[in-house]
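Student: Residue numbers (UniProt numbering): 1 to 333. C-beta atoms are modelled at their ideal positions from N, C-alpha and C, and glycine is treated no differently. Below is the structure I would like to discuss, written out as structure tokens.
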Ligand SMILES: *[C@@H]1O[C@H](CO)[C@@H](O)[C@H](O)[C@H]1NC(C)=O
Ligand SMILES: *[C@@H]1O[C@H](CO)[C@@H](O)[C@H](O)[C@H]1NC(C)=O
């Protein structure tokens, strides 16, 4: 009997994959990972997740899963924070306007902006019978670099949407002509951990990236970073359509990320772990997929109205909407 049940585990019962929506928690110039304590930070971000998000999030101040009182994400025990740069349209007259964020397809209706978050195993729907180890309290990481001026490896992509279901082709940089259904940015994080450090000075070297594009199988973890953690990915959908009529005729891409990048090679994303207790480990050890993980099987979940209600006020107090003479924080550039 004992032999049989361990055989069943090996036969791959743990094939969990989480895909869920998170509403916008805040859009402001704060970056507790790269510029802790700075109000404002250098450039604008959209942040989703738990409301313990702040300019300084030192693990010494306590576990954010204990300090947060709400989350903008579907799973009500997930107080993690997820953030990326924000997209702007640059008019040929030099003015900028922030591109609205729209919810993804295949999510419940009514989510306010935000992004779609994935925690997958070896690939989109299977784990290759490997143990996936959940992150620990205090864990954080960064993928990509706002300073990059050439392609940075796999998993950091742009998709020119015909509609919300478009997924291919994945581009390394901004689309070069107007997209009928908007633009999606995709960020896949590395999934191999050194097993020791919750963070590293560059927020990257405690991790090793074996990711392949488009949720394909990732490669094996190297001995330097032997622990396979969940494959985290973000999708953000930007409603660029209202700007398509203002696309300069025969001109270059008019969209720009909030740190002044109109090519897209500097696309980057940040993650701070904040799941309550062993919730994420229980999910990764289960065999649930997407919405089947909700309603306590095994994860507690909440309604869209609750997600939208969880917000963090900007501490910066600057105008980020309307036609702006410069990107927030980028005067004279
Ligand atoms: C953010 O930090 C400031 C300064 O330490 C503090 O006053 C504020 O309550 C914090 N906000 C949250 C949501 O924790
Ligand atoms: C640029 O064009 C937009 C859209 O027509 C307009 O609202 C904005 O005021 C213009 N900016 C300048 C500096 O003329």
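Sorted by chain position, which residues of the same chain lie with C-beta nearer than 6 angstroms to residue 244's C-beta, five sequence neighbours on each side aside?
Tutor: Answer for residue 244: 178, listed in chain order.
Student: Return the CA-CA distance between residue 162 and residue 180, expressed in angstroms with no decimal places.
Tutor: Rounded to whole angstroms, residue 162 to residue 180 spans 5 angstroms at the Cα level.
Student: Counting Cβ pairs closer than 8 angstroms, one from the stretch 92-107 and one from the stretch 233-242, do we hit at least three?
Tutor: The answer is yes - the stretch 233-242 touches the stretch 92-107, with three or more Cβ pairs under 8 angstroms.
Student: Nearest to residue 72 by alpha carbon, out of 230, 113, 91 and 276?
Tutor: Residue 113 is the option with its Cα nearest to residue 72.
Student: Select from 331, 315, 297 and 136 the residue whose C-alpha is nearest the C-alpha of residue 59.
Tutor: Cα-wise, what sits closest to residue 59 is 136.
Student: Take residue 265 as the anchor and find which of 165, 30, 42 and 144 has the nearest alpha-carbon.
Tutor: Per the Cα distances, 144.
Student: Assuming contact is defined by CB atoms lying nearer than 8 angstroms, are residue 157 and residue 170 in contact in what I supplied?
Tutor: Cβ distance < 8 angstroms, so residue 157 and residue 170 count as in contact.
Student: Do you know offhand how far residue 7's Cα is from residue 39's?
Tutor: For residue 7, the predicted structure reports a pLDDT of 39, less than 50, and the residue's modelled location is therefore unreliable. A value from the coordinates is still provided. Going by the C-alpha atoms only, they are around 54 angstroms apart.
Student: Report buried or exposed for residue 85, applying the criterion of at least 16 other Cβ atoms within 10 angstroms of its Cβ.
Tutor: Under this definition residue 85 is a buried residue.
Student: Return the chain-ordered list of same chain residues with a C-beta closer than 7 angstroms to the C-beta of residue 149, the five sequence neighbours on each side being excluded.
Tutor: Excluding residues within five positions, the ones whose Cβ falls inside 7 angstroms are 265.
Student: Give, in chain order, every unbroken run of the alpha helix (DSSP H) that is at least 4 residues long and sits entirely within the stretch 109-172.
Tutor: Taking only runs of at least 4 residues, no alpha helix (DSSP H) segment lies wholly in the stretch 109-172.
Student: Look at the alpha carbon of residue 229 and the alpha carbon of residue 249, and state the distance between them as a whole number of angstroms.
Tutor: Taking the straight line joining both Cα atoms gives about 46 angstroms.
Student: Near ligand 2, which residues have their beta-carbon closer than 5 angstroms to a heavy atom?
Tutor: Selection output, chain order preserved: 91, 93, 95 and 323.
Student: What residues in its chain sit with their C-beta under 7 angstroms from that of residue 1, if we drop five residues either side in the sequence?
Tutor: Its pLDDT being 35, under 50, residue 1 is placed unreliably in this model, and the value from its coordinates should be taken loosely. So the list is empty, once near-sequence residues are dropped.
Student: Within its chain, find whatever has a CB closer than 6 angstroms to the CB of residue 199; leave out the 5 residues flanking it on each side and keep chain order.
Tutor: Within the same chain, residue 199 has close Cβ partners 140.
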